[in-house]
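First the structure, in the form of C-alpha cells, and then the observations on it.
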C-alpha cells in the first residue's frame, strides 16, 4: 500500500514537471489571449447577406464554406500576398478587383484546402466554383471572388463546394457574421470579428469584418484571409487607396512565425446602401482602420500556441523603414519569443535582435524598455533597473517592448506572440 | 489495491502522452546528430600550445577558459559578426587582426559570459584580460586576442579570469585540442573538432580547429566562435583572403534559429612552423575548407534541440544570391522546421518558403525533391510521387531538400536543423 502510494506521488511529480515543460496546465481549447467578451456585438451592414454550409472539404462535423452576397453597386477593393507561389484563387481575385460594380458581387470562401500549388487544376477548380456561384446568384463570373485556406498542394475537391451553392443561396441572411467567421477558421481557436458604427452626413454607416489566421502569419503587403463590409458609398479607386493605406500599420505589422502564406487576401466591399458618401475618408477611414486593426490583432492573439501578446515599438530610428526592420527582427526572433514564453526578462536577446536587423544602430545610443521599466541604456544595463521588476513584468499576458535607437525620428510598431511548445506540437503534428 | 494499480496505469499513460508531445523518450545528453566516432583523431600543429582552466565565470564544475599560445611568426586572420551590437571582445579583436606577426600571438577564450552590451566596463574587462596574458606570456598586448561567449548584458567577472592566467601558462601543452573544445562550450552537447593533414612541397602540413555553438546560430559574414590552427607558412593578407573566401560556403551557410550572435568570431592562425609555403592555396585551401566546413556542420548537428540535420540545395536560380535567399527562407522557416521534426513530408511549406523568399520564382517552373524523390514539379505534385515514399524518407536523421527554380544557373547550399520542443524548453528556461 505504502509503496504504491509513493509510486503515485512520484508519477504525479513527473507529470507536473512534464506539464511545466510543455507550458500547459491542461489542454487549451481557446487561446488565453482571446478577447474577453467573446465575439463582438454586431449589426447588419445593408446590402450584405451571408450564409455558411458544411461541405466536408477538409474537416468533418463543422462548417467550412462561407458565401457573401453583395448588392448591386458594391465596389470591391483587395490586397493580396506578394508570394511568388500564391494560390489559384488569389491569382483569380487579382484579375477581378476593380471591375464594373453595377451587378453587385459575391465572395465565396472555403477552409480546409488552400488550392495553392495545384497547377492548372487549381484554376479549373476556381472557375467551377465561381461559375456556379455566378449562375446561382445570377451575376457575371467576373464579380465572384473565391478564397481558399488550408493545406497547400492537395487538389481542391471543388465538387463538394459547387454542390452546396444552392443550399448557400437559400440560407442567405443579413445576420450571421459570427457563423461566417467560424466557417473560415483553420487552426484558429476562436472566431474573429470586428464592428464599428459611425454617423456620416446624418446617415448611419456600418463597417463589419471577419478574419482567420493562426499560423503562417507574416503578411506581406496583404494579410491572411479577412473580409470587411461597409454600407458606405465609395468609388472603387478611393476604396482601394484607403485599404492599401490601412494595410501597412495593421495586417502588415503583425507576425506569428515569420512565414508568409500563399493565400493572404483582404477584401473590402462597400455596398453604398447607407447612401452616405465616404470618399473623403476622415472619420470613415478612422473607423475602417479600427476594424482592420482590431481583426489583425485578433489574428496575433490566436497565434498558434500563443500565451503572450508582444507589442514592439521602435522609435528614434534613422527612418521608418529601419524602425520596422528592427521591430520585425525582434518580433520574429525565436530567442526573444521563447524568452517571453519562459517569462524571462532576457533583454540581451533584444539587443541581439537589434544588432542582427541590418538597420543602422549604435550600441551606446540604444535604450530598451519593458513596459515603463527602463532596462538598458548607454550600451549597458540601466542603473535604475532591478531584475525583480523585469521578472514581475514578464508575468503579464501582454508584453510591451520599447526600443529607442536614439538616431532619428523613424518609428514603427508591430505585434507578435511568444513561441511555445504548443506551436511545435501543432505544426509537427502530421498535416494538421 | 486494484484502484491504486489502475491509478498508476492511468498516470503512466498520461506520462507517455506528454513525453511523446515533448518528443522525448528520456533526457537527451548528447545530440542524436553528433558525429558517430566522437571527437576526431588529431595530432599537434607545430607552434601551437593549448591549456584550459576552470574559472567559474558562468558555470560550476567544468572548464570554461582556454588559452592558445602561438609561436613567433604566426600570422592571424579573422572574420567577425557584422552585428551592430557586437561584443567588446569582437571590437577589440577587429582592431588587432593584421598586426605584426614577429612576436607570435595568443588567443584567450571564456565561456559563460559574452561580455556583450556591457558598455565601457566591457572594454575594461578585455584590457584587463589581454594585458595580463601579454605580461604573463611576454608578448605585446596587440597580439592577444580575447573571445567571450555566453549570456549577453551581464558584467564579465574578469578577475576570475586574470587570476587563472599563470595556471594556464603552466599548463600549456602541444596536445589538448579536445579539452580546449570542451572549455568553450555553452549549450553545446558535444565538443567540436576537425583535423586534416596534407603534404605540401614534401613537408607535412596540419590544420586543426575547434568550434562552439548550438543556439543563436545564423552567422553573418562570420561564425559562432571557432579557432583554426595550421603550421603552414602564409602571409597575413593571403591568409585573410583564404579565410574570407571559405567563410561564405561554410559558417555563413548554416542556420539553427535565424538569430545572429553578438560574439561570432572565427580566428585562423598560421604558425609557419612546418616550413611549407601555402600561399598558393590549392591543396592547402581545399584542406582548410574541409576543416572549416566540418566544424560548421558540427555546429548545426548540435543545434539546440535538433533531431534532424537538413541540407537544402537550391539550383536553377536567376543568380547565386537568389538561390541563397530561397535556401535560407526554407532553412529558417519555423513551419518547414517543425514539419521535419514531425517527420511530415509537408512539401507545401517548402513551396510557401520559396514564395515568401523575395527571390524571383515561377510556380510552374519550380521542382522540389526530398533526397532522390521528385515530389513536385510544373506547379503541382509530381505524377510519380507516392506519399508513402515521402513519409518513409522523413524518418531519416539527415534530410536533403532539393529545390530547382528552373530559371537560371544560380545555386546555393545551406544547412539547418529541425525545430523541436527541446529548443523551446532550452530557450524558455530562465537564462540558461
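Chains as they are written, first to last, in our numbering: chain A, 1 to 432; chain B, 1001 to 1432.
The beta carbon of each residue, even a glycine, is placed where N, CA and C say it ideally should be.
8 Å Cβ cutoff, residue i in contact with chain B
{"i": "residue 439(A)", "result": "In the structure as shown, chain A starts at 1 and stops at 432, and residue 439(A) therefore has no counterpart that could be examined."}
{"i": "residue 334(A)", "result": "yes"}
{"i": "residue 86(A)", "result": "yes"}
{"i": "residue 300(A)", "result": "no"}
{"i": "residue 319(A)", "result": "no"}
{"i": "residue 173(A)", "result": "no"}
{"i": "residue 9(A)", "result": "no"}
{"i": "residue 152(A)", "result": "yes"}
{"i": "residue 307(A)", "result": "no"}
{"i": "residue 60(A)", "result": "no"}
{"i": "residue 428(A)", "result": "yes"}
{"i": "residue 4(A)", "result": "yes"}
{"i": "residue 424(A)", "result": "yes"}
{"i": "residue 54(A)", "result": "no"}
{"i": "residue 83(A)", "result": "yes"}
Rounded Cβ spacing between residue i and residue j (contact assumed at less than 8 Å)
{"i": "residue 114(A)", "j": "residue 263(A)", "result": "5 Å"}
{"i": "residue 320(A)", "j": "residue 412(A)", "result": "6 Å"}
{"i": "residue 282(A)", "j": "residue 1151(B)", "result": "Not a contact, Cβ separation roughly 51 Å."}
{"i": "residue 1274(B)", "j": "residue 1414(B)", "result": "Not a contact, Cβ separation roughly 34 Å."}
{"i": "residue 416(A)", "j": "residue 255(A)", "result": "5 Å"}
{"i": "residue 206(A)", "j": "residue 43(A)", "result": "6 Å"}
{"i": "residue 46(A)", "j": "residue 231(A)", "result": "4 Å"}
{"i": "residue 1225(B)", "j": "residue 1258(B)", "result": "With 8 Å as the limit, residue 1225(B) and residue 1258(B) do not qualify as a contact, their Cβ atoms being about 19 Å apart."}
Contact set for residue i: own chain, Cβ-Cβ below 6 Å, skip 5 residues either direction
{"i": "residue 1027(B)", "result": "For residue 1027(B), the predicted structure reports a pLDDT of 47, less than 50, and the residue's modelled location is therefore unreliable. A value from the coordinates is still provided. Once the five neighbours on either side are set aside, residue 1027(B) has no close Cβ partner at all."}
{"i": "residue 1001(B)", "result": "Confidence at residue 1001(B) is low in this model, with a pLDDT of 43, below 50, so its placement is unreliable and the value that follows should be read with caution. Cβ neighbours of residue 1001(B) beyond the five flanking positions: none."}
{"i": "residue 1298(B)", "result": "1192"}
{"i": "residue 1272(B)", "result": "1073, 1233"}
{"i": "residue 1236(B)", "result": "1075, 1098"}
{"i": "residue 1066(B)", "result": "1052, 1109, 1180, 1183, 1184"}
{"i": "residue 285(A)", "result": "242"}
{"i": "residue 312(A)", "result": "327, 330, 331, 401, 414"}
{"i": "residue 1314(B)", "result": "1323, 1326, 1327, 1403, 1412"}
{"i": "residue 986(B)", "result": "Nothing about residue 986(B) can be reported from this structure: the residues present for chain B run from 1001 to 1432 only."}
Any chain A beta carbon closer than 8 Å to residue i
{"i": "residue 1363(B)", "result": "yes"}
{"i": "residue 1237(B)", "result": "no"}
{"i": "residue 1197(B)", "result": "no"}
{"i": "residue 1414(B)", "result": "no"}
{"i": "residue 1215(B)", "result": "yes"}
{"i": "residue 1030(B)", "result": "no"}
{"i": "residue 1354(B)", "result": "yes"}
{"i": "residue 1027(B)", "result": "Any reading at residue 1027(B) needs caution, since the residue's pLDDT is 47, under 50, leaving its predicted position unreliable; the model's value is listed next. Not closer than 8 Å to any Cβ of chain A, the Cβ of residue 1027(B) fails to qualify, so no."}
{"i": "residue 1419(B)", "result": "yes"}
{"i": "residue 1439(B)", "result": "The first residue shown for chain B is 1001 and the last is 1432, placing residue 1439(B) beyond what the model contains."}
{"i": "residue 1395(B)", "result": "no"}
{"i": "residue 1367(B)", "result": "no"}
{"i": "residue 1286(B)", "result": "no"}
{"i": "residue 1436(B)", "result": "Nothing about residue 1436(B) can be read from this structure; chain B reaches only from 1001 to 1432."}
{"i": "residue 1338(B)", "result": "yes"}
Own chain residues within Cβ distance below 7 Å of residue i, not counting five before or after
{"i": "residue 1137(B)", "result": "1069, 1106, 1169"}
{"i": "residue 244(A)", "result": "79"}
{"i": "residue 1097(B)", "result": "1076, 1077, 1078"}
8 Å Cβ shell around residue i - same chain, five flanking residues per side excluded
{"i": "residue 1173(B)", "result": "1049, 1050, 1051"}
{"i": "residue 1063(B)", "result": "1052, 1053, 1054, 1179, 1182, 1183"}
{"i": "residue 1157(B)", "result": "1057, 1113"}
Closer than 7 Å: residue i CB and nearest the ligand PLP heavy atom
{"i": "residue 357(A)", "result": "What this structure holds is no ligand at all, so the ligand PLP is not there to describe."}
Checklist entry - What alpha helix (DSSP H) runs, 4 residues minimum, are completely inside the stretch 88-140 of chain A? => result List check, alpha helix (DSSP H) in window: 88-96, 119-137.
Item to check | Contact residues within the stretch 1235-1268 of chain B, judged by C-beta distance below 8 Å to chain A | outcome: 1257, 1258, 1259, 1260, 1261, 1262
Checklist entry - Between the stretch 1113-1131 of chain B and chain A, which residues of the former have CB atoms less than 9 Å from a CB of the latter, in chain order? => result 1114, 1116, 1117, 1118, 1119, 1120, 1121, 1122
Next on the checklist: Ignoring anything shorter than 4 residues, give me the alpha helix (DSSP H) runs that lie fully in the stretch 347-423 of chain A, in order along the chain.
Outcome noted: 347-356, 387-393
Next on the checklist: If the cut-off is 8 Å on Cβ atoms, which residues from the stretch 180-194 of chain A count as contacting chain B, listed in chain order?
Outcome noted: none
Next on the checklist: Threshold first: 3 residues or longer. Then list the beta strand (DSSP E) segments lying entirely within the stretch 1181-1207 of chain B, N to C.
Outcome noted: 1192-1200
Checklist entry - For the stretch 381-392 of chain A, which residues have a beta carbon sitting closer than 8 Å to at least one beta carbon of chain B? => result Of all residues in the stretch 381-392 of chain A, the ones placed with a Cβ closer than 8 Å to any Cβ belonging to chain B are 381, in chain order.
Item to check | Any beta strand (DSSP E) of 3 or more consecutive residues that is wholly inside the stretch 1029-1070 of chain B | outcome: 1048-1053, 1065-1070
Next on the checklist: Give the list of continuous alpha helix (DSSP H) stretches no shorter than 4 residues that lie fully inside the stretch 203-278 of chain A.
Outcome noted: 236-247
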